[in-house]
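J.: This is the structure I have questions about; it appears just below.
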Amino acid sequence: MGSTEKGVDATNGLTVDISVALKANDPKSVPGLSVEIASAGSSLDDRDYNARQSLLRKARALVTALETPRETMIKHNWAENCPQKVQDIATALEIDPELLSRLMRHISAMGYIKEVGPDEYESTNFSRALTIPIIGDGYPCIMGGCFAAIGHLPAYLKTTNFVMPNSATNGCYQSAYSTKMNFFQYLQAHQPWGTQFNHHMGGYRQGRPAWMDPDFYPVQDRLINGADMAGNAPFLVDIGGNVGHDLAEFLSKHPSTPGRLILQDLPVVIGQIQEGSIDMRIERMEYDFHTEQPVKHARAYYMHSVLHDWPDEVCTSILAQVTAAMKPEYSKLLINENVIPPTQANWQTTGLDMMMLSLFASKERTEVDWRRLLEGAGLKIVKIWGHGEGVESLIECELA
Ligand SMILES: C[S@@+](CC[C@H](N)C(=O)[O-])C[C@H]1O[C@@H](n2cnc3c(N)ncnc32)[C@H](O)[C@@H]1O
Numbered sequence: 036m037g038s039t040e041k042g043v044d045a046t047n048g049l050t051v052d053i054s055v056a057l058k059a060n061d062p063k064s065v066p067g068l069s070v071e072i073a074s075a076g077s078s079l080d081d082r083d084y085n086a087r088q089s090l091l092r093k094a095r096a097l098v099t100a101l102e103t104p105r106e107t108m109i110k111h112n113w114a115e116n117c118p119q120k121v122q123d124i125a126t127a128l129e130i131d132p133e134l135l136s137r138l139m140r141h142i143s144a145m146g147y148i149k150e151v152g153p154d155e156y157e158s159t160n161f162s163r164a165l166t167i168p169i170i171g172d173g174y175p176c177i178m179g180g181c182f183a184a185i186g187h188l189p190a191y192l193k194t195t196n197f198v199m200p201n202s203a204t205n206g207c208y209q210s211a212y213s214t215k216m217n218f219f220q221y222l223q224a225h226q227p228w229g230t231q232f233n234h235h236m237g238g239y240r241q242g243r244p245a246w247m248d249p250d251f252y253p254v255q256d257r258l259i260n261g262a263d264m265a266g267n268a269p270f271l272v273d274i275g276g277n278v279g280h281d282l283a284e285f286l287s288k289h290p291s292t293p294g295r296l297i298l299q300d301l302p303v304v305i306g307q308i309q310e311g312s313i314d315m316r317i318e319r320m321e322y323d324f325h326t327e328q329p330v331k332h333a334r335a336y337y338m339h340s341v342l343h344d345w346p347d348e349v350c351t352s353i354l355a356q357v358t359a360a361m362k363p364e365y366s367k368l369l370i371n372e373n374v375i376p377p378t379q380a381n382w383q384t385t386g387l388d389m390m391m392l393s394l395f396a397s398k399e400r401t402e403v404d405w406r407r408l409l410e411g412a413g414l415k416i417v418k419i420w421g422h423g424e425g426v427e428s429l430i431e432c433e434l435a
């Protein structure tokens with residue numbers, strides 16, 4: 036487990052493991068809250084303000100108890116307990132106790148820490164999970180490097196007469212942050228947001244079914260069988276793979292994979308990979324995907340949450356670099372992205388779609404969108420492998 040997948044509970048100095056972030060926050064409270072909600076709900080007079088507030092509080096507590104810390108973190112960003120006295124924490128952190136008291140009272144009222152007495156609180160699984168960089172780091176980078184653009188969207192759309200944004204280089208993000216840089220350039224130029232974003236990329240996908248799991252996509256049957264077994268043959272190329280979390284997971288789940296595993300991202304990102312954080316078998320390669328793909332004839336090229344960052348026109352040009360490197364009837368392109376269903380879209384997907392709209396003038400795509408884009412780029416979709424609500428699909432493509 037890498038150092039970004041562990042945290043430290045400041046209240047007791049104990050290590051916080053990533054599993055804390057992937058389990059329900061407080062399952063023990065669920066049966067009691069369910070009974071209380073059923074009872075208060077069945078006799079509710081919705082004109083009784085206090086009764087309604089009390090039921091709302093219980094309902095929020097039930098949601099908090101059922102959610103995993105990772106889900107709570109995603110909701111905020113995209114859409115052995117030891118009670119601690121405010122005074123003690125304020126002294127340790129050198130914060131004005133009156134200020135900290137107000138902040139903690141609000142966080143407790145929202146249900147994210149537990150009040151046990153006047154100015155005295157316990158941590159929760161959620162607050163403990165925030166000490167893990169891949170769970171907690173999404174907050175500062177999204178508050179600092181994204182929220183201004185999301186808040187600016189209505190005013191920006193007014194200036195464009197509510198026309199669908201489509202410029203990757205001159206849109207809402209650039210207007211909000213008064214920059215000519217794109218989102219990635221801006222975050223990486225304004226550290227620690229860039230590093231925090233990399234950690235967030237390692238966290239947002241945790242605890243969800245992964246495409247390389249046996250009940251999702253048959254890796255042996257579709258990728259390993261028929262692959263060139265020579266040691267120097269490129270097997271899997273992760274384009275825009277950030278700091279390598281997907282390839283690391285792939286290697287841990289398929290350790291006898293043949294050939295080379297190659298991680299490609301911008302130099303500034305590859306340069307942030309810490310020694311020992313990913314397996315030595317994963318080759319790190321600095322690469323700009325707007326330029327010629329240097330790795331030819333790989334068994335599979337893979338892109339996870341990359342094309343959703345770009346409008347169709349830019350995606351077509353990125354895809355042209357991939358298709359030029361693919362070997363007919365051998366290479367595959369695997370795209371790990373949301374495929375929005377015609378109805379009942381999941382909130383995680385729609386939340387991300389709003390991020391794409393304001394940060395990139397891009398989008399989460401429907402099946403119709405994907406077919407139009409990929410077929411226009413000279414690819415055919417062999418199959419879309421799905422795994423239920425809110426889980427990114429694997430779109431398996433070959434040259435048309
Ligand atoms: C939304 S992140 C997805 C990262 C990773 N695939 C994942 O799912 O966790 C998009 C990635 O594209 C990378 N990227 C942006 N522009 C790039 C470019 N021109 N060439 C290569 N990578 C780029 C970013 O640095 C970032 O790691």
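Counting the sequence shown from 1 gives a position; my numbering is that position plus 35.
Each residue gets a CB set at the ideal place from its N, CA and C atoms; glycine is no exception.
Looking only at its chain, what residues have a beta carbon closer than 8 Å to the beta carbon of K58, apart from the 5 residues adjacent to it on each side?
T.: Numbered from its first residue, the sequence shown carries residue 58 at position 23. The residues are T103, N160.
J.: Roughly how far, in whole angstroms, is the beta-carbon of F251 from the beta-carbon of R334, given that I think they are within contact range, below 8 Å?
T.: Taking the sequence shown and counting its residues from 1, the one referred to as residue 251 is at position 216. Taking the sequence shown and counting its residues from 1, the one referred to as residue 334 is at position 299. 18 Å between Cβ atoms; not a contact.
J.: Please check the pair L188 and C207, which I expect to be a contact at CB under 8 Å, by giving their CB distance rounded to whole angstroms.
T.: As a first step, residue 188 must be located in the sequence shown, where it is residue number 153. As a first step, residue 207 must be located in the sequence shown, where it is residue number 172. The pair is a contact, with the Cβ atoms about 6 Å apart (cut-off 8 Å).
J.: Identify the continuous alpha helix (DSSP H) that holds N217 and give its terminal residues.
T.: Translated into positions along the sequence shown, residue 217 becomes position 182. N217 -> no alpha helix (DSSP H), and no H or E assigned at all.
J.: Just verifying my parser: in three-state terms, what is the DSSP assignment at C432?
T.: The residue given as residue 432 occupies position 397 in the sequence shown. Strand.
J.: Quickly, what does DSSP pair E318 with across the bridge? List them, please.
T.: Mapped onto the sequence shown, residue 318 falls at position 283. For E318, which the question treats as bridged, DSSP gives the partners I297.
J.: Please determine whether the Cβ atom of Q383 lies at a distance below 8 Å from any heavy atom of ligand 1.
T.: Locating residue 383 in the sequence shown gives position 348, where the first residue counts as 1. It does not: the Cβ of Q383 is nowhere closer than 8 Å to a heavy atom of ligand 1.
J.: What alpha helix (DSSP H) runs, 4 residues minimum, are completely inside the region 52–91?
T.: Fully enclosed alpha helix (DSSP H) runs of 4 or longer: 54–57, 65–77.
J.: Within 10 Å of its beta-carbon, does K398 have 16 or more other beta-carbons around it, so buried, or fewer, so exposed?
T.: Here residue 398 refers to the residue found at position 363 of the sequence shown. K398 comes out buried.
J.: For the region 257–272 against the region 325–341, are there 3 or more C-beta pairs whose distance is under 8 Å?
T.: In short, these stretches touch, since the Cβ pair count reaches three.
J.: Give a single yes or no on whether I485 has its beta carbon closer than 8 Å to a heavy atom of ligand 1.
T.: Residue 485 lies beyond the stretch modelled for the chain, which goes from 36 to 435, so this question has no answer here.
J.: With distances taken between CB atoms, is the gap from M236 to H280 smaller than 9 Å?
T.: Locating residue 236 in the sequence shown gives position 201, where the first residue counts as 1. Locating residue 280 in the sequence shown gives position 245, where the first residue counts as 1. Cβ distance < 9 Å, so M236 and H280 count as in contact.
J.: Is W382 helix, strand or coil by DSSP?
T.: On the sequence shown, residue 382 is found 347 positions in, with the first residue counted as 1. Three-state DSSP puts W382 in a helix.
J.: In whole angstroms, what is the alpha-carbon distance linking L438 and A268?
T.: This structure cannot settle anything about residue 438, because the visible part of the chain is limited to 36 through 435.
J.: Using 8 Å as the threshold, is the region 205–222 in touch with the region 76–92, meaning 3 or more CB pairs across them?
T.: In short, these stretches do not touch, since the Cβ pair count stays below three.
J.: Given that a residue counts as buried once 16 or more other Cβ atoms are within 10 Å of its Cβ, and exposed if not, what is N233?
T.: The count along the sequence shown starts at 1 and reaches residue 233 at position 198. That one is buried.
J.: Tell me whether the beta-carbon of A184 lies closer than 9 Å to the beta-carbon of L342.
T.: One-based indexing of the sequence shown puts residue 184 at position 149. One-based indexing of the sequence shown puts residue 342 at position 307. Contact: no.
J.: Got a sec: does ligand 1 put a non-hydrogen atom nearer than 8 Å to the Cβ of N373?
T.: Position 338 of the sequence shown, counted from the start, is the residue given in the question as residue 373. N373: no, Cβ never under 8 Å from ligand 1.
J.: Report the partner residues of I375 according to the DSSP bridge assignment.
T.: For this step, residue 375 is matched to residue 340 along the sequence shown. I375 pairs with T401.
J.: On the criterion of 16 or more Cβ atoms from any shown chain inside 10 Å, does P302 qualify as buried, or is it exposed?
T.: Locating residue 302 in the sequence shown gives position 267, counting from the first residue. Exposed: under 16 other Cβ atoms inside 10 Å.
J.: Since G173 sits in a beta bridge, which residues does DSSP pair it with?
T.: Translated into positions along the sequence shown, residue 173 becomes position 138. For G173, which the question treats as bridged, DSSP gives no partner whatsoever.
J.: For the beta strand (DSSP E) containing D273, list its first residue and its last residue.
T.: Within the sequence shown, numbered from 1, the residue matching residue 273 stands at position 238. That run of the beta strand (DSSP E) goes 269–274.
J.: From D172 to Q231, what distance separates their C-alpha atoms?
T.: Residue mapping note: residue 172 aligns to position 137 of the sequence shown, counting from 1. Residue mapping note: residue 231 aligns to position 196 of the sequence shown, counting from 1. Their backbone Cα atoms lie some 5 Å apart in a straight line.
J.: Does DSSP put G229 in a helix, in a strand, or in coil?
T.: Along the sequence shown, one-based indexing puts residue 229 at 194. Residue state, collapsed to three classes: helix.
J.: Just checking my contact of R406 with V374 at CB under 8 Å: how many whole Å lie between their CB atoms?
T.: Within the sequence shown, the letter at position 371 stands for residue 406. Within the sequence shown, the letter at position 339 stands for residue 374. 10 Å between Cβ atoms; not a contact.
J.: For D344, collect the residues of the same chain with a Cβ closer than 6 Å to its Cβ; drop the 5 residues on either side in sequence, then sort them by chain order.
T.: Sequence index remark: in the sequence shown, residue 344 carries index 309 (1-based). These residues qualify, in order along the chain: F395, S397.
J.: Are there any heavy atoms of ligand 1 lying less than 8 Å away from the beta-carbon of H339, as far as the coordinates show?
T.: Residue mapping note: residue 339 aligns to position 304 of the sequence shown, counting from 1. Checking every heavy atom of ligand 1 against the Cβ of H339, one is found closer than 8 Å.
J.: Can you tell which of T107, R105, A127 has its C-alpha closest to the C-alpha of N47?
T.: As a working mapping, residue 47 is identified with position 12 in the sequence shown. Measuring from the Cα of N47, the nearest candidate turns out to be A127.
J.: In the DSSP assignment, what are the bridge partners of V43?
T.: For this step, residue 43 is matched to residue 8 along the sequence shown. Per DSSP, T50.
J.: Could you pull the start and end residues of the alpha helix (DSSP H) that M139 belongs to?
T.: As a position in the sequence shown, residue 139 is number 104, starting the count at 1. 132–144 is the extent of the alpha helix (DSSP H) around M139.
J.: Helix, strand or coil: how does DSSP classify Y365 here?
T.: The count along the sequence shown starts at 1 and reaches residue 365 at position 330. Looking at Y365 - three-state DSSP - the assignment turns out to be coil, as it is neither helix nor strand.
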